[in-house]
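Visitor: First to last, the sequence lines map onto chains A and B.
If you want our numbering, it's the position in the first sequence, counting the first as 1, plus 13.
If you want our numbering, it's the position in the second sequence, counting the first as 1, plus 30.
Can you keep this structure in mind? I'll have questions shortly.
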Amino acid sequence: MTRFWRWFWALLIGVPIMALSAWGLQDNARLFVITLLNGLTLASLYFIVASGFTLVFGLMRNVNLAHGSLYLLGGYLGFFAAQLTGSWLVALAVGFAAAAVVGLVMQVSIFRFMLGQDLRQTMVTIGLSIVIADCLMWAIGAQVHQMSPPPWLDGPIRNIPVIRAYSTYRLSLLPIGIVIGVALWLFLNRTRVGMMIRAGVDDRGMLAAAGVNVNLVFATTFAIGAGLAGFGGVIGAVELSMVPGEDTRLLLASLVVVIVGGMGSVIGAAIGAAIFGLAETYGLAYAPTYSVVFTFVILVLVLAFRPRGILGRPA
Amino acid sequence: MSAANWRGAMNAQHRAQGANAPVPSAYAARVPRPARLRLQNPLRVRHLLVLAFLIAYPWFATPFFTYQIGAQSLALGLIALSLTFLGGYGGMISLAQMTVAGIAGYMVAIFGTSATDGVSLRWPWWLAVLIGIVVATGAAAFIGWLSVRTEGIYTIMITLAIGVAFYYLVLQNYAVFNGFQGTQKVFPPTLAGVYWRDATPFYYLALFWALAGYLFVVYLLRSPFGIALQGIRDNPRRMHALGFNVTAHRVTAYAVAGAIAAVGGVLFTWYNGLVTPGSVGTSWLINILIIAVLGGMRHPVGAFLGAIVFVLLQNFAIDVIDRERFNLVIGAVFLVIVLFSNDGLLGWWSALSVRLSTQRGETRWSSARRRLYAR
Chain A
14 MTRFWRWFWA
24 LLIGVPIMAL
34 SAWGLQDNAR
44 LFVITLLNGL
54 TLASLYFIVA
64 SGFTLVFGLM
74 RNVNLAHGSL
84 YLLGGYLGFF
94 AAQLTGSWLV
104 ALAVGFAAAA
114 VVGLVMQVSI
124 FRFMLGQDLR
134 QTMVTIGLSI
144 VIADCLMWAI
154 GAQVHQMSPP
164 PWLDGPIRNI
174 PVIRAYSTYR
184 LSLLPIGIVI
194 GVALWLFLNR
204 TRVGMMIRAG
214 VDDRGMLAAA
224 GVNVNLVFAT
234 TFAIGAGLAG
244 FGGVIGAVEL
254 SMVPGEDTRL
264 LLASLVVVIV
274 GGMGSVIGAA
284 IGAAIFGLAE
294 TYGLAYAPTY
304 SVVFTFVILV
314 LVLAFRPRGI
324 LGRPA
Chain B
31 MSAANWRGAM
41 NAQHRAQGAN
51 APVPSAYAAR
61 VPRPARLRLQ
71 NPLRVRHLLV
81 LAFLIAYPWF
91 ATPFFTYQIG
101 AQSLALGLIA
111 LSLTFLGGYG
121 GMISLAQMTV
131 AGIAGYMVAI
141 FGTSATDGVS
151 LRWPWWLAVL
161 IGIVVATGAA
171 AFIGWLSVRT
181 EGIYTIMITL
191 AIGVAFYYLV
201 LQNYAVFNGF
211 QGTQKVFPPT
221 LAGVYWRDAT
231 PFYYLALFWA
241 LAGYLFVVYL
251 LRSPFGIALQ
261 GIRDNPRRMH
271 ALGFNVTAHR
281 VTAYAVAGAI
291 AAVGGVLFTW
301 YNGLVTPGSV
311 GTSWLINILI
321 IAVLGGMRHP
331 VGAFLGAIVF
341 VLLQNFAIDV
351 IDRERFNLVI
361 GAVFLVIVLF
371 SNDGLLGWWS
381 ALSVRLSTQR
391 GETRWSSARR
401 RLYAR
């Protein structure tokens with residue numbers, strides 16, 4: 014793309030958004046800023062869940078449609094761990110570990126035997142997601158589980174200039190998301206395992222020929238990706254709530270985020286999560302009936318001009 | 031000489047000569063395969079038997095079996111048939127087929143008659159059905175136009191996202207779609223003195239359209255369009271190089287599949303008597319995929335086989351395990367089929383028939399060739 018077209022698109026998209034933002038700020042600054050914060054914190058949760066999804070896809074070309082179920086599983090187990098121990102950090106660890114173990118079992122017992130058959134893997138994950146969701150409903154029931162935030166993150170922060178007060182927990186999601194994003198980026202770009210994973214994304218066969226145990230790399234990646242879903246589940250158990258059906262909601266969010274951002278790219282997932290989270294919250298705040306349509310229109314526009322997502326590369 | 035005789039003679043010749051036959055005649059037995067043979071679809075005894083059974087079915091089945099099992103399987107099979115056509119022959123697995131069917135159902139409810147006065151316009155039923163099918167076909171073409179830019183698993187994800195977006199739209203919009211409640215009492219009309227909601231008439235209505243859809247797909251697959259579509263499934267780049275417009279063929283396939291799904295959707299809406307956001311929700315989007323994969327995508331009949339199994343499981347899971355656990359049963363069955371068969375029930379069937387025919391003394395090759403002709 015030449016410099017002219019880059020400027021053209023930036024202006025075409027940027028100017029209306031700036032104008033709308035200016036109108037929103039002038040009309041009701043408090044609502045606008047709170048919605049902005051809500052959108053960014055929601056985007057942070059979406060990013061945590063979707064980054065695991067995109068990591069698994071990037072390496073294995075495996076669309077894990079059971080990702081939402083892992084999210085719900087991690088959230089429930091984290092909830093019970095928090096009830097037992099009273100510690101939110103333990104809950105986070107349990108959520109991550111539980112989803113990672115289930116993901117590891119899935120990789121070792123099923124997906125290892127169907128390498129490269131991506132359509133079949135997709136079908137299997139659909140079947141698994143149905144079974145896991147129903148087992149969870151059987152074991153835990155359909156009532157809403159809401160986790161309370163840890164004491165040191167409970168309650169609002171007061172005396173913020175425009176918006177007066179905002180939930181500490183929600184605000185803390187922003188640094189959590191940023192830390193996870195940076196950690197994931199450092200892990201992928203600065204460590205030896207990350208180097209292997211990136212090499213596996215580019216050429217799986219060559220990596221194996223270089224003497225790396227590819228199955229081990231795959232298992233590690235799958236465990237981390239699934240674990241991130243469980244981690245997101247514990248965070249979401251406080252911010253949203255745990256109830257059957259949340260798994261499909263987060264699965265859809267992950268899908269949209271990675272489609273918009275580009276499959277297999279962590280930075281793309283961050284951009285996609287920011288766009289989707291902001292679009293959803295602003296839609297809910299300013300045009301409640303049509304908030305989903307906004308999401309849909311964004312999806313359509315991105316697909317029309319960048320079929321592989323904003324940062325996507327050819328498969 | 032008829033095709034069957036010709037084939038019989040060929041096989042006899044092949045068998046008589048055995049494995050050590052002179053090369054030229056074995057070669058002759060293998061190579062001349064006139065294209066006409068492949069394109070003829072011989073009407074066989076088993077086809078007539080199945081047809082006779084389907085027509086006679088309501089005479090000996092109870093109304094429950096006629097309506098709940100028979101008619102529902104046919105309506106769902108018709109929707110799944112659209113996915114079989116699209117996925118099995120076009121290579122595009124779309125999860126939005128139930129969305130297309132739901133759009134048709136919603137249009138019939140909105141333009142036709144229902145219990146929800148604020149929503150329904152009470153136009154004549156035939157106009158409502160016509161609008162439903164046209165709008166749904168247009169929507170399917172639009173969905174196709176959006177998703178043909180993508181391939182394989184990307185298509186699944188994008189159609190799933192579109193389907194769920196439509197679910198949330200009808201869930202949240204009260205002005206047009208009446209939100210969570212949807213529209214109730216969307217019934218088929220009384221025509222020619224017959225109330226088409228009664229078990230037997232509705233069964234025949236569903237049977238007529240299921241047969242029409244089945245024959246239409248079978249015919250279409252042998253038409254130049256169908257052959258080109260299968261070529262595009264196997265190698266889009268080569269078809270493009272040969273001068274075929276790949277995108278246009280794919281979008282047309284979406285539209286055709288959309289029309290089939292729309293007819294199925296109208297039938298399914300009439301069957302349920304209502305259309306709600308739940309009927310276009312994620313579970314139903316995936317159920318259609320389950321039905322198509324369960325039956326097998328290598329032949330249009332798979333969609334109906336899958337639908338029968340699905341409906342039987344849905345109705346009798348209560349006897350196997352708790353009624354609430356239907357999803358567990360269907361999910362487990364789906365998982366087993368996907369893990370252990372490469373093409374659903376039809377995959378098992380063909381593996382079985384290869385085994386039986388090799389036991390009868392045919393070689394794997396001759397058995398595969400015979401089945402290729404017989405399709």
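Where a beta carbon is used, it is the ideal one built from N, C-alpha and C, also for glycine.
If you're wondering where the values come from, they're calculated on a predicted model, not measured in any experiment.
Using alpha carbons as the reference points, say which of Pro-320(A), Leu-24(A), Ala-56(A) and Leu-44(A) lies closest to Ala-282(A).
Guide: It is Ala-56(A) whose Cα lies nearest to the Cα of Ala-282(A).
Visitor: Within 10 angstroms of the Cβ of Phe-21(A), are there 16 or more other Cβ atoms? Answer buried if so, exposed if not.
Guide: Exposed, by the Cβ-count rule.
Visitor: Could you give the first and the last residue of the continuous beta strand (DSSP E) run that contains Ile-173(A)?
Guide: Looking at the DSSP string, the run of the beta strand (DSSP E) that includes Ile-173(A) is 169 to 173.
Visitor: Going along chain A, which residues have a C-beta under 7 Å from Gly-361(B)?
Guide: Within chain A, the residues near Gly-361(B) are Gly-140, Ile-143, Val-144 and Asp-147.
Visitor: Please report the Cβ distance between Ala-333(B) and Leu-79(B), rounded to the nearest whole angstrom; I am assuming they are in contact, meaning their Cβ atoms lie under 8 Å.
Guide: Not confirmed; about 20 Å, so no contact.
Visitor: Can you look up Val-224(B) in the DSSP assignment and give me helix, strand or coil?
Guide: Correct three-state label for Val-224(B): strand.
Visitor: What residue from Ile-109(B), Phe-298(B), Ile-161(B) and Ile-163(B) has the CA that sits closest to Lys-215(B)'s CA?
Guide: Selected option, being the one with the closest Cα: Phe-298(B).
Visitor: Let me confirm a value: Thr-204(A) is counted as buried when at least 16 other C-beta atoms fall within 10 Å, else exposed. Which label applies?
Guide: Exposed: under 16 other Cβ atoms inside 10 Å.
Visitor: Between which two residues does the beta strand (DSSP E) containing Tyr-179(A) stretch?
Guide: 177 to 180 is the span of the beta strand (DSSP E), which, as asked, contains Tyr-179(A).
Visitor: What is the DSSP secondary structure of Met-327(B), counted as helix, strand or coil?
Guide: Met-327(B) falls in the coil class under three-state DSSP.
Visitor: For Met-128(B) and Ala-145(B), I'd like the C-alpha separation in whole angstroms.
Guide: Taking the straight line joining both Cα atoms gives about 23 Å.
Visitor: Determine, using beta carbons only, whether Val-194(B) comes closer than 8 Å to chain A.
Guide: At least one chain A Cβ lies under 8 Å of Val-194(B).
Visitor: Taking Ala-287(B) as the reference, which of Trp-156(B), Ala-101(B) and Ile-173(B) has the closest Cα?
Guide: Answer by Cα proximity: Ile-173(B).
Visitor: Could you tell me whether any Cβ in chain A is nearer than 8 Å to the Cβ of Arg-355(B)?
Guide: It does: the Cβ of Arg-355(B) has a partner Cβ on chain A nearer than 8 Å.
Visitor: Residues bridged to Met-255(A) by DSSP?
Guide: Per DSSP, His-158(A).
Visitor: Flag this pair as yes or no: are the beta carbons of Val-76(A) and Thr-135(A) separated by less than 8 Å?
Guide: Contact flag set, yes.
Visitor: Please tell me whether Leu-176(B) and Ile-192(B) are closer than 8 Å, where the distance is taken between their beta carbons.
Guide: Cβ distance < 8 Å, so Leu-176(B) and Ile-192(B) count as in contact.
Visitor: Go through the stretch 232 to 293 of chain B residue by residue and report every complete run of the alpha helix (DSSP H) that reaches 4 residues or more, in order.
Guide: Those alpha helix (DSSP H) runs which fall completely within the stretch 232 to 293 of chain B and span 4+ residues are 254 to 264 and 266 to 271.
Visitor: For the 8 Å Cβ check, are there 3 or more pairs between the stretch 327 to 347 of chain B and the stretch 371 to 388 of chain B?
Guide: Short answer: they touch.
Visitor: At 8 Å on the CB atoms, spell out the chain B contacts of Val-306(A), in chain order.
Guide: Under the 8 Å cutoff, chain B gives Ala-195 and Leu-199.
Visitor: Identify which residue in Gly-116(A), Pro-29(A), Tyr-89(A) and Gly-277(A) has its Cα closest to the Cα of Leu-253(A).
Guide: The candidate whose alpha carbon is nearest that of Leu-253(A) is Tyr-89(A).
Visitor: Kindly indicate the opening and closing residues of the alpha helix (DSSP H) around Val-357(B).
Guide: In the sequence as presented, Val is not what sits at residue 357(B); that position holds Asn. Note, Asn-357(B): alpha helix (DSSP H), 356 to 370.
Visitor: If the cut-off is 7 Å on Cβ atoms, which residues from the stretch 127 to 139 of chain A count as contacting chain B, listed in chain order?
Guide: The residues in question are Asp-131, Leu-132, Arg-133, Thr-135, Met-136, Val-137 and Ile-139.
Visitor: Using 8 Å as the limit for Cβ to Cβ distance, is Leu-67(B) near chain A?
Guide: Unreliable positioning characterises Leu-67(B) in this predicted model, as indicated by a pLDDT of 45, which lies under 50. The coordinate reading is nonetheless provided below. No, no contact with chain A.
Visitor: Determine, using beta carbons only, whether Trp-18(A) comes closer than 8 Å to chain B.
Guide: Chain B, which has no Cβ nearer than 8 Å to the Cβ of Trp-18(A), makes this no.
Visitor: With DSSP run on the structure shown, which of helix, strand or coil describes Thr-213(B)?
Guide: Of the three classes helix, strand and coil, the one that applies to Thr-213(B) here is strand, per DSSP.
Visitor: Can you give me the C-alpha to C-alpha distance between Thr-138(A) and Leu-241(A), rounded to a whole angstrom?
Guide: Cα to Cα, Thr-138(A) sits roughly 17 Å from Leu-241(A).
Visitor: Measuring CB to CB, does Arg-125(A) end up less than 8 Å from Asn-226(A)?
Guide: No, they are not a contact pair.
Visitor: Can you find a C-beta in chain B that's less than 8 Å from the C-beta of Ile-272(A)?
Guide: Yes, its Cβ sits closer than 8 Å to a Cβ of chain B.
Visitor: Alpha carbon to alpha carbon, how far is Ala-65(B) from Arg-252(B)?
Guide: Because Ala-65(B) sits at a pLDDT of 47, beneath the cut-off of 50, its placement in the model cannot be relied upon, and the following sentence gives the value as read from the coordinates. Cα to Cα, Ala-65(B) sits roughly 11 Å from Arg-252(B).
Visitor: Measuring only the C-alpha atoms, how far is Trp-226(B) from Asn-41(A)?
Guide: If you take the alpha carbons of Trp-226(B) and Asn-41(A), they lie about 57 Å apart.
Visitor: Of all the options Gly-132(B), Ile-338(B), His-77(B) and Phe-346(B), which has the alpha carbon lying nearest to the alpha carbon of Tyr-198(B)?
Guide: Selected option, being the one with the closest Cα: Gly-132(B).
Visitor: Establish whether the CB of Ile-133(B) and some CB of chain A are separated by less than 8 Å.
Guide: Chain A, which has no Cβ nearer than 8 Å to the Cβ of Ile-133(B), makes this no.
Visitor: Please state whether DSSP places Val-305(B) in a helix, a strand or coil.
Guide: If DSSP states are grouped into helix, strand and coil, Val-305(B) belongs with the strands.
Visitor: Quick check: is the beta carbon of Arg-267(B) nearer than 8 Å to any beta carbon in chain A?
Guide: It does not: the Cβ of Arg-267(B) has no partner Cβ on chain A nearer than 8 Å.
Visitor: Between which two residues does the alpha helix (DSSP H) harbouring Pro-154(B) extend?
Guide: That residue, Pro-154(B), is in no alpha helix (DSSP H); it is neither H nor E in DSSP.
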